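**Q** Positions 25 to 254 (this note's numbering) are the ones given, in order, by the sequence shown. Sharing a structure, written as structure tokens. Questions coming.
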Amino acid sequence: MRALIVIPAYNEEDSIVSVVESVVAAGYDYVVINDGSKDGTLRACREHGINVVDLPQNLGIGGAVQTGHLYAYHHDYDVDVQIDGDGQHDISYLPRLLEKIEEGYDLVIGSRFVEQTGGFQSTALRRFGISWLRGCIKRVSGLTITDATSGFRASGRRAIELFSRRYPTDYPEPESIVFAHNEGLEICEVPVVMRERQGGTSSIGVLSSVYYMIKVTLAILIEGMSKRGR
Numbered sequence: 025m026r027a028l029i030v031i032p033a034y035n036e037e038d039s040i041v042s043v044v045e046s047v048v049a050a051g052y053d054y055v056v057i058n059d060g061s062k063d064g065t066l067r068a069c070r071e072h073g074i075n076v077v078d079l080p081q082n083l084g085i086g087g088a089v090q091t092g093h094l095y096a097y098h099h100d101y102d103v104d105v106q107i108d109g110d111g112q113h114d115i116s117y118l119p120r121l122l123e124k125i126e127e128g129y130d131l132v133i134g135s136r137f138v139e140q141t142g143g144f145q146s147t148a149l150r151r152f153g154i155s156w157l158r159g160c161i162k163r164v165s166g167l168t169i170t171d172a173t174s175g176f177r178a179s180g181r182r183a184i185e186l187f188s189r190r191y192p193t194d195y196p197e198p199e200s201i202v203f204a205h206n207e208g209l210e211i212c213e214v215p216v217v218m219r220e221r222q223g224g225t226s227s228i229g230v231l232s233s234v235y236y237m238i239k240v241t242l243a244i245l246i247e248g249m250s251k252r253g254r
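And the structure:
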């Protein structure tokens, strides 16, 4: 399989070079999607000869990830793997995701919680939110996804084609799982260990976490109802 690593990045100048170096050292093709960063992310990419698609304005994580899917689709990759630009995702676990794609799954999610793998487990507030989303997804789809917000995920060719046409724009990971399930894609999780971010700060604060939970919950429920309405 031809695999592409998609690295969406917004204000990740402190970590983006080391993340790309880890991907290159592992022997994978990659593309950085600079999502209208306001810091030196683009400058760091250009100074180090990094393959980067520069979005002239911030589209949010959904727009950046969909750009990566479009890049993979138009360059005929068999699979693309999303990893964060902050250094949280350990590239050594990537073969686990690719093995499941080879087995026939369309979307494979790297999960901190499917097994007791250790590593960074996020804050108590976010763990509660992840648990809540797990219940929402289970209710509308029957799927048990333990780490629905994980940005460490592999998409096979069917998922690439689907997400190139449509992808949620705001906080997309949980909603995209239900969307993919509704379209008949096969989804699974594999255990991974995640690290704390290597630089920068999260874009989701306390107040935005409340907005996040309300919006994503509604999006999941609406996506779930859309299948019943077909």
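Where a beta carbon is used, it is the ideal one built from N, C-alpha and C, also for glycine. This structure is a prediction, so every number in the text was calculated from the model and none was measured.
Alpha carbon to alpha carbon, how far is residue 240 from residue 92?
**A** 22 Å
**Q** With residue 186 as the anchor, note down where its alpha helix (DSSP H) starts and where it stops.
**A** Here the alpha helix (DSSP H) through residue 186 covers 181-189.
**Q** Could you check whether the segment 181-197 touches the segment 107-118, counting it as contact only if at least three pairs of C-beta atoms, one from each stretch, sit closer than 8 Å?
**A** no
**Q** Whose C-alpha, out of 76, 233, 104, 164, is nearest the C-alpha of residue 206?
**A** When each option's Cα is compared against that of residue 206, the closest is 164.
**Q** If we ignore side chains and look at the alpha-carbon of each, how far apart do residue 46 and residue 83 end up?
**A** 26 Å
**Q** Measuring CA to CA, which of 154, 111, 202, 218 is closest to residue 211?
**A** For the set 154, 111, 202, 218, the Cα lying nearest the Cα of residue 211 is the one of 202.
**Q** Using CA coordinates, which residue listed in 99, 151, 40 is at the minimum distance from residue 185?
**A** 99
**Q** Could you give the distance in angstroms between the alpha-carbon of residue 119 and the alpha-carbon of residue 208?
**A** 24 Å
**Q** Would you check if the distance between the CB atom of residue 233 and the CB atom of residue 153 is smaller than 8 Å?
**A** yes
**Q** Are the beta-carbon atoms belonging to residue 121 and residue 138 less than 8 Å from one another?
**A** no
**Q** Run through DSSP, which three-state label would residue 248 get?
**A** helix
**Q** For residue 101 and residue 94, I'd like the C-alpha separation in whole angstroms.
**A** 10 Å
**Q** In chain order, what residues of the same chain have a beta carbon less than 7 Å from the beta carbon of residue 41, not counting five sequence neighbours either side?
**A** 68, 72
**Q** Could you check where the alpha helix (DSSP H) with residue 112 kicks off and where it finishes?
**A** Looking at the DSSP string, residue 112 is not in any alpha helix (DSSP H), and its letter there is neither H nor E.
**Q** Ends of the alpha helix (DSSP H) at residue 28?
**A** Secondary structure note for residue 28: it is in no alpha helix (DSSP H), and the uninterrupted beta strand (DSSP E) holding it is 27-33.
**Q** Cα separation between residue 256 and residue 244?
**A** Residue 256 is absent from the structure shown; the chain starts at 25 and stops at 254.
**Q** Is the Cβ-Cβ distance between residue 56 and residue 44 less than 8 Å?
**A** yes
**Q** Considering only their Cβ atoms, is the gap separating residue 85 from residue 32 smaller than 8 Å?
**A** yes
**Q** Find the nearest neighbour of residue 150 within the set 104, 109, 235, 130, judged by alpha-carbon distance.
**A** Cα-wise, what sits closest to residue 150 is 235.
**Q** I need the DSSP call for residue 20, collapsed to helix, strand or coil.
**A** Past the boundaries of the shown model lies residue 20; the chain is included only from 25 to 254, so the question cannot be answered.
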